[in-house]
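For the sequence shown, this note's numbering assigns the number 176 to the initial residue and increments by one for each residue that follows.
Cβ coordinates follow ideal geometry from the N, Cα and C atoms, glycine included.
Predicted, not measured: the structure shown is a model, and the values here were computed from it.
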Amino acid sequence: MIDVLAVTNFRSILDLQVPLGSLNLVTGANGVGKSNLYRSLHLLSACAQGGIVNSLARDGGFCSTYWAGPPVISRAMKNGTVPIQGVRTTKPKRLKLGFSCEDLSYAISLGLRPADPCDPTLFKLDPDIKRECIWAGPICKPSAMLVDRRGVLVQTRNESGVWDIID
Numbered sequence: 176m177i178d179v180l181a182v183t184n185f186r187s188i189l190d191l192q193v194p195l196g197s198l199n200l201v202t203g204a205n206g207v208g209k210s211n212l213y214r215s216l217h218l219l220s221a222c223a224q225g226g227i228v229n230s231l232a233r234d235g236g237f238c239s240t241y242w243a244g245p246p247v248i249s250r251a252m253k254n255g256t257v258p259i260q261g262v263r264t265t266k267p268k269r270l271k272l273g274f275s276c277e278d279l280s281y282a283i284s285l286g287l288r289p290a291d292p293c294d295p296t297l298f299k300l301d302p303d304i305k306r307e308c309i310w311a312g313p314i315c316k317p318s319a320m321l322v323d324r325r326g327v328l329v330q331t332r333n334e335s336g337v338w339d340i341i342d
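The following block contains the structure:
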């Protein structure tokens with residue numbers, strides 16, 4: 176059973192870690208993000224089936240699913256005196272999904288492909304898996320890591336505790 180679901184920068188969800196029980200009921204007014212929470216679960220399911228990139232494409236692409244607001248919601252924004260508006264940033268955009276369980280946990284970070292002027296492509300707005308991790312237990316720490324993917328480099332920890340690089 177999933178104990179905690181984590182979603183960052185997905186549609187209307189800026190940053191959410193929600194503990195889950197055996198039965199969960201999500202309620203709220205229209206437009207607060209209930210459907211986006213459900214969609215994030217669907218994307219996690221697509222990760223398990225190896226279809227996260229296709230699933231994001233069907234959902235409108237990385238740019239349409241990424242959080243469009245500011246990186247921080249100020250007190251003035253929360254109380255309504257200042258409108259919530261997106262800002263331009265030079266920081267890399269990362270959409271993050273994950274879950275933790277008692278025995279095994281998972282996280283994925285997606286972004287855009289790096290721009291390469293020597294390689295003009297029609298796929299420059301496709302999502303790119305930046306990092307993907309699987310670890311033992313509910314807390315991610317170096318000693319608990321089992322699989323660590325950074326871009327195209329995939330490492331797995333063998334029975335001796337040594338990292339093997341997967342070709």
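Given residue i as reference, the closest of the options once Cα atoms are compared
| i | options | result |
| --- | --- | --- |
| T256 | R263, I248 and V262 | I248 |
| V262 | A251, R186, P246 and V329 | P246 |
| C276 | T240, P194 and W338 | P194 |
| R233 | D301, V201, D178 and R332 | D301 |
| L328 | G225, D339 and S335 | D339 |
| V179 | F185, S187, N205 and N199 | N199 |
| H217 | C293, L297, D278 and F274 | F274 |
| C278 | K299, L321, A181 and S197 | Note that residue 278 is Asp in the sequence shown here, rather than Cys. Considering only alpha carbons, the answer is L321. |
| Q192 | L212, P292 and G203 | L212 |
| R325 | N205, C308, S318 and A319 | C308 |
Boundaries (first-last residue) of the alpha helix (DSSP H) holding residue i
| i | result |
| --- | --- |
| R250 | R250 to K253 |
| A221 | K209 to A223 |
| N205 | First-last for N205: undefined, no H or E at that position. |
Cβ separation of residue i and residue j, assumed to be a contact under 8 Å, to the nearest whole Å
| i | j | result |
| --- | --- | --- |
| S230 | A221 | 4 Å |
| W310 | S280 | 5 Å |
| I283 | I304 | 7 Å |
| D264 | R186 | The displayed chain sequence assigns Thr, not Asp, to residue 264. That pair is no contact at about 18 Å. |
Beta-carbon proximity of residue i to residue j, cut-off 7 Å
| i | j | result |
| --- | --- | --- |
| I259 | G244 | yes |
| G286 | R269 | yes |
| K271 | T183 | yes |
Residue i - containing beta strand (DSSP E), residue span
| i | result |
| --- | --- |
| I341 | W338 to I341 |
Inset, instruction - Taking only runs that begin and end inside the region 282-319, name each unbroken beta strand (DSSP E) of 3 or more residues, in chain order. - result: For the region 282-319, whole beta strand (DSSP E) runs of length 3 or above, ordered along the chain, are 302-311.
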